[in-house]
Amino acid sequence: MADHTPNQDQVESIYQPKDAVGSAIKATSVTAAAGAFISTIQNTLTRQNVGALGAFTRFGGTTATFAAMGGAYEFTKNASANLRQKDDAYNPALGGLMSGAMLGLRFRSAPAVVGYGCMVAVVLGAFSYTGGKLEGYHRDPTVDEVARKEFLRKNRRRPIEGTLEELGEGRGIYGPGYVERRAERVKNAYGIDVPSSA
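The sequence shown begins at 0 in numbering that gives the first Met the number 0 and counts up one residue at a time.
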């Protein structure tokens, strides 16, 4: 009888399902709180005094839009990952499509729903496809940062002869034997013996 235990490569490629409903509830609550915060800011910036409840009565649509966008994004992203059994850039793009559609519903027109959905889908899909980070590529935490920068400088260092040929000596750029050449120039020009430290 053959042994059907997967090897390490197969274990890493096995998809682990995600809780789409649970993560959607969490995302909805977080984005609803952010929407409520934005609503209170909108309420305080109005010209007429609408009271403290104006954040919910007059600007409650902002809270609802934020909540719908966050929930739709997270649910669609995880549900599509579960259905496709893949974690790639299409999942955030599909989530962005639904999230942007929720934003477009606020304007009550089909072109806005499609336009905002496509815009958010393209932005989130491209962001996820390019690595999903704003700070650049992932650096290895085991490599010392000082050693890495010294290696990069050493790797791109120009020979001193080329620098001296372009700029000449002085201003902190001195070639080998500079002290002796300077002492001789001073002696020839002014007749002063300058001791050269070796």
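Think of the CB as a built atom: it goes at the ideal place given N, C-alpha and C, for glycine as much as any other residue.
Neighbourhood of residue i by C-beta distance below 6 Å, restricted to the same chain and skipping five residues each side
i	result
Thr-75	Leu-93, Gly-94, Met-97
Glu-144	none
Asn-42	Gly-53, Ala-54, Phe-58
Val-285	Residue 285 falls outside the range modelled here, since the chain spans only 0 to 197, and no answer is possible.
Ala-100	Val-112, Gly-116
Ile-191	Val-185
Residue nearest to residue i in terms of C-alpha spacing, selected from the options
i	options	result
Arg-105	Ala-80, Met-68, Gly-131	Met-68
Ala-23	Tyr-189, Arg-156, Ala-78, Tyr-128	Ala-78
Gln-84	Glu-149, Ile-13, Asp-139, Gly-21	Ile-13
Ala-32	Gly-174, Lys-132, Gly-70	Gly-70
Gly-131	Ala-188, Ala-66, Pro-91	Pro-91
Gly-174	Tyr-189, Pro-158, Ala-188, Asn-187	Pro-158
Phe-65	Tyr-72, Cys-117, Tyr-136, Gly-34	Gly-34
Ser-127	Arg-147, Arg-138, Ala-146, Tyr-89	Tyr-89
Ala-26	Ala-63, Ile-40, Arg-147	Ala-63
Rounded separation between residue i and residue j - CA only
i	j	result
Lys-17	Thr-45	42 Å
Glu-134	Val-119	21 Å
Glu-149	Ile-172	20 Å
Gln-47	Gly-124	41 Å
Gly-60	Ala-109	19 Å
Ala-51	Pro-140	49 Å
Glu-164	Tyr-177	14 Å
Gly-167	Glu-160	9 Å
Asn-187	His-137	58 Å
Leu-151	Gly-169	26 Å
Arg-180	Val-142	43 Å
Arg-147	Arg-155	13 Å
Ser-29	Phe-36	A small fix is needed here, since residue 29 is Val in this sequence, not Ser. If I take the Cα positions, the gap works out to 11 Å.
Three-way DSSP call (helix, strand, coil) for residue i in this model
i	result
Ile-172	strand
Ala-51	coil
Thr-45	coil
Ser-108	coil
Arg-138	coil
Tyr-14	coil
Gly-122	Residue 122 is actually Val in this sequence, not Gly. In the structure shown, Val-122 sits in a helix (DSSP, three-state: H, G or I).
Phe-65	helix
Ser-195	coil
Leu-96	helix
Thr-129	coil
Gly-190	coil
Gly-167	coil
Own chain residues within Cβ distance below 7 Å of residue i, not counting five before or after
i	result
Ala-240	As displayed, the chain neither begins before 0 nor continues past 197, which places residue 240 out of reach and without an answer.
Ala-19	Phe-74, Asn-77, Ala-78, Asn-81
Contact set for residue i: own chain, Cβ-Cβ below 8 Å, skip 5 residues either direction
i	result
Asp-86	Tyr-14, Ala-80
Ser-215	With the chain represented from 0 up to 197, any question about residue 215 goes unanswered, as that position is not in the structure.
Thr-162	Ile-172
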